[in-house]
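Structure, as structure tokens:
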Amino acid sequence: MDIKVFSALQTYADTHSSEESEARKYIIQATHSELQYADMLSGKQVAGLLRLLIQTGGYTRILEVGMFTGYATTAMAEVMPDNGHITTLEMNTLYAGIAKRGFKMAGLQDKITVIMGSARETVLQLSETYDLIFLDADKQWYPEYLRVLKPKLKSGGLLVADNVFWYGGVLENKDRKSQAINTFNKMLQQDNEMEVVMLGIRDGLSIARKR
52 MDIKVFSALQ
62 TYADTHSSEE
72 SEARKYIIQA
82 THSELQYADM
92 LSGKQVAGLL
102 RLLIQTGGYT
112 RILEVGMFTG
122 YATTAMAEVM
132 PDNGHITTLE
142 MNTLYAGIAK
152 RGFKMAGLQD
162 KITVIMGSAR
172 ETVLQLSETY
182 DLIFLDADKQ
192 WYPEYLRVLK
202 PKLKSGGLLV
212 ADNVFWYGGV
222 LENKDRKSQA
232 INTFNKMLQQ
242 DNEMEVVMLG
252 IRDGLSIARK
262 R
């Protein structure tokens, strides 16, 4: 597919998806104005799918590995039941600052716990199990994250991993991050305890259910 057509279809899909909240719009605006890496935002399609999964599954315990500026975090927290809670891991204080402003705007502070530090270290301190885990952290450590996160996922729970295409790098498999993503994708597909589907949403999204 021509890149211009693909880009136009992404815009078309966003336009025909449900409207974002004011808090999420603020996070987008703040991310673009204060940071150079706005393309790291999860985007309307990924966030919308996460919301539908949470509402359909009735999930109340969510772990997010890699918060960035809290766009997906906010999207998920907005549809969680009153007893729901998100634990999210982030190491960058600038990113977290934008996220927390968005959480406050949406009135979601009590539903979200932000743990600062390297996710590779902080994730090891978590003893809880989760209904849904959203993985969107440093790509070169995806295989390691899979090994650590799988025991923390409840039976019947979902692991959702973003950027599993790595901007097409998985096809050439030349750089370290592309190789790591390829390893992760193969590990997930070959794991008999996980039922996985890889979707062509934006930069690739894998959804795996733990049997």
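Per my numbering, the sequence shown starts with residue 52, numbered consecutively.
Glycine residues also receive a C-beta, built at the ideal position from the N, C-alpha and C atoms.
Considering only the beta carbon of each residue, do Ala259 and Leu210 sit closer than 7 angstroms? Yes; because the gap between Cβ atoms is below 7 angstroms, this pair is in contact.
Proximal residues to Leu239 (C-beta, below 7 angstroms), its chain only, five neighbours per side dropped: Its chain contains Leu197, Met245, Val247, Ser257, Ala259 as the residues whose beta carbon lies nearer than 7 angstroms to that of Leu239, once the 5 sequence neighbours on both sides are disregarded; these appear in chain order.
Got a sec, what are the start and stop residues for the alpha helix (DSSP H) Phe235 sits in? In the DSSP assignment, Phe235 falls within the alpha helix (DSSP H) that extends over 227-241.
Kindly list the residues whose CB is nearer than 6 angstroms to the CB of Gln106, restricted to its own chain and excluding five residues on each side of it in sequence; keep chain order. Same-chain partners within the cutoff: Val130.
Below 8 angstroms on the Cβ atoms is my guess for Ser93 versus Tyr63; work out the distance and round it to an integer in Å. Not a contact, Cβ separation roughly 18 angstroms.
On a CA-only basis, which of Gln96, Asp161, Ala81 is nearest Glu70? Give me that one, please. Distances from the alpha-carbon of Glu70 to those of Gln96, Asp161, Ala81 put Gln96 closest.
Consult DSSP for Ser257 and reduce its assignment to one of helix, strand or coil. Strand.
Which complete beta strand (DSSP E) runs does the segment 64-125 hold, if anything under 3 residues is left out? Those beta strand (DSSP E) runs which fall completely within the segment 64-125 and span 3+ residues are 112-116.
Nearest to Asp189 (by Cα), restricted to the options Gly108, Thr124, Phe119, Leu101: The shortest C-alpha to C-alpha distance from Asp189 to any of Gly108, Thr124, Phe119, Leu101 is the one to Phe119.
Round the Cβ separation of Gln203 and Thr173 to the nearest angstrom and send it over; I've been treating them as touching at under 8 angstroms. First, the amino acid is wrong: residue 203 is Lys here, not Gln. Rounded, the Cβ-Cβ distance is 12 angstroms, inconsistent with contact.
Can you check whether the CB of Gly99 is closer than 7 angstroms to the CB of Ser68? In contact: Ser68 and Gly99 (Cβ atoms closer than 7 angstroms).
Helix, strand or coil for Ile137, going by three-state DSSP, please let me know. Here Ile137 sits in strand by DSSP.
Of the residues Leu101, Gly117, Asn143, the one placed nearest Ala128, counting alpha carbons only: Ranking the options by Cα distance to Ala128, first place goes to Leu101.
I'd like to check one pair, Ile149 with Ala81: are the Cβ atoms closer than 7 angstroms? The Cβ atoms of Ala81 and Ile149 sit closer than 7 angstroms to each other.
If I measure Cβ to Cβ from Tyr218 and keep anything under 7 angstroms in the same chain, skipping five residues before and after, which residues do I get? Cβ within range, chain order: Asp254.
Helix, strand or coil for Met156 per DSSP? In the structure shown, Met156 falls within a helical segment according to DSSP collapsed to helix, strand and coil.
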